[in-house]
Amino acid sequence: MNRRQAILTGAAMPLATLTPMAARAQTAPPPALSRSLTLGSFRVTALLAGSQASEPVGTFALNAPPEEFAAFAAENFLPADRAMSYYTPVLVEAGSEVILFDTGANPAGLLAALEAAAIDPASITTVVITHMHGDHIGGLSEGGTLTFANANLVTGRVEMEYWLGAGNETFDAKVRPFADAFTLLDGDQEVAPGITAIEAFGHSPGHMAFDLQSEGRRLILTADTANHYAFSLGRPDWEVRFDMDKAAAAATRRRIFGMIADERLPFIGYHMPFPAVGYVARDGDNFRYMPATYQFDL
Ligand SMILES: [Zn+2]
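According to our numbering, the sequence shown holds residues 559 to 856 in order.
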């Protein structure tokens, strides 16, 4: 398969294999989906590395009045008692650089998605960690061995400094042994030409988004600035369990998605519906999400 074309593999899952979502999240192998798009001279590939079922109010709407939550879920054709999260690392091929943003919950899910995209893991030159939550760092290493042995490691300075002192089991297993190898970025610094860090603090102390620009085309990699396409964008002030500073996370959501809406930019978000690329428009004080469809095919 030619990965220079937009590819979508693994989508033809026989219907007979479908089981209720909660059961699938526990038992199904990684879905191994990939999808590529062109951004100027960059090739951007969304890699579906895993998924997780959850209870939506306790995950995405801690402070929502129950009746308001139920009504909003119904308006959006979503169940009020269960939700799915998807994990979408992103690979950016930019000249000679092959840059992976985030790594999923474990190496197996990410490696399956890379295989679906016909991308050799050994070709990855840089791994960028947007923040140090388990669903982003879990695929970085296993048993003290890095998954991408040839890659430079990059993350935000504030983020690394926080987690080094946090006493977090997952960070200590997956990242701490390699902490000295990381290049630490501040806001507005470049990972590579055209790929610039944006401070998006709140979800975690040093969470970073990235601005991708090539040949006049632009895409914002928002990572976990919003965690759910309907709940977190439609109601940006609803508190997300994983937002470590909830007020700062909501303010960051409004700042970054406000900019994305006002400048009419596409974005790719780690937990957005696969292939995780979409747009937002302002909707009163809130935002309305629209998935990208064929905009990148033209
Ligand atoms: Zn996440």
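Glycine included, C-beta positions come from ideal geometry on N, C-alpha and C.
Supposed close pair residue i, residue j - CB separation, criterion 8 Å
| i | j | result |
| --- | --- | --- |
| A739 | G696 | With a Cβ gap of about 18 Å, A739 and G696 do not count as contacting. |
| L605 | A671 | 4 Å |
| F600 | A652 | 5 Å |
| P623 | R640 | With a Cβ gap of about 19 Å, P623 and R640 do not count as contacting. |
| L649 | F854 | Between F854 and L649 the Cβ distance is about 15 Å, and since that is not below 8 Å, they are no contact. |
| L823 | I778 | 6 Å |
| A819 | V838 | 5 Å |
| L698 | V685 | 7 Å |
| Y645 | A607 | 5 Å |
Exposure label - residue i; buried when at least 16 CB within 10 Å
| i | result |
| --- | --- |
| S772 | buried |
| F635 | exposed |
| E748 | exposed |
| A724 | exposed |
| T810 | buried |
| T603 | buried |
| A632 | exposed |
| R840 | exposed |
| A781 | buried |
| P833 | buried |
| A856 | The identity of residue 856 in the sequence shown is Leu, whereas the question assumes Ala. Exposed, since its Cβ has fewer than 16 Cβ neighbours within 10 Å. |
| P647 | buried |
| D693 | buried |
| L791 | buried |
| G714 | buried |
| A767 | buried |
| T620 | Per the sequence shown, the amino acid found at residue 620 is Leu instead of Thr. Under this definition L620 is an exposed residue. |
| G752 | buried |
| G827 | buried |
| M830 | buried |
| M718 | buried |
| D843 | exposed |
Identity of the residue in the options nearest residue i by Cα
| i | options | result |
| --- | --- | --- |
| A709 | Y644, I687 and D801 | I687 |
| G760 | I826, I753 and M690 | M690 |
| T783 | G616, T851 and D795 | D795 |
| R846 | H829, Q853 and H786 | H786 |
| T754 | P763, D769, T741 and L743 | D769 |
| D660 | V712, A674, A619 and Y837 | V712 |
| D803 | G764, F815 and F832 | G764 |
| T683 | S654, L704 and L698 | S654 |
| P637 | F627, Y645, T646 and Y644 | F627 |
| D678 | D693, M848 and L658 | L658 |
| I756 | G701, F729, G702 and R813 | R813 |
| F800 | F618, M830, S592 and M848 | F618 |
| A666 | Y720, S609 and W721 | S609 |
| A758 | F736, N621 and M817 | M817 |
| R734 | M848, E797 and Y720 | Y720 |
| M642 | V656, A629 and G616 | G616 |
| R593 | N844, A611, A676 and A629 | A676 |
| R775 | F825, S612, A807 and H829 | F825 |
| A680 | G702, T703, G701 and V656 | V656 |
| Y852 | F630, A806 and V835 | V835 |
| L704 | F729, F736 and E727 | F736 |
| F789 | S612, F630 and A611 | F630 |
DSSP three-state assignment for residue i, whether helix, strand or coil
| i | result |
| --- | --- |
| D841 | strand |
| Q771 | strand |
| A583 | Low per-residue confidence applies at A583: pLDDT is 48, beneath 50, and the placement is therefore not dependable, though the value from the model is reported in the following sentence. It is helical. |
| T683 | coil |
| S599 | coil |
| T705 | coil |
| F729 | helix |
| M817 | helix |
| N560 | Any reading at N560 must be qualified, since the residue scores a pLDDT of 42, below 50, and its modelled position is unreliable; no value is offered. |
| M802 | coil |
| A675 | coil |
| G667 | helix |
| Q610 | strand |
| L834 | First, the residue type needs correcting, since residue 834 is Ala and not Leu in the sequence shown. Note: A834 maps to coil in three-state DSSP. |
| E797 | coil |
| L620 | coil |
| R593 | strand |
| T780 | strand |
| P588 | With a pLDDT of 48 at P588, under the threshold of 50, the predicted position of this residue should be treated as unreliable, and no value is reported. |
| P751 | coil |
| Y720 | helix |
| R812 | helix |
Within the structure, which residues are defined as neighbours of ligand 1 by a Cβ-heavy atom distance below 6 Å, reported in chain order? H691, D693, H694, D782, Y828 and H829
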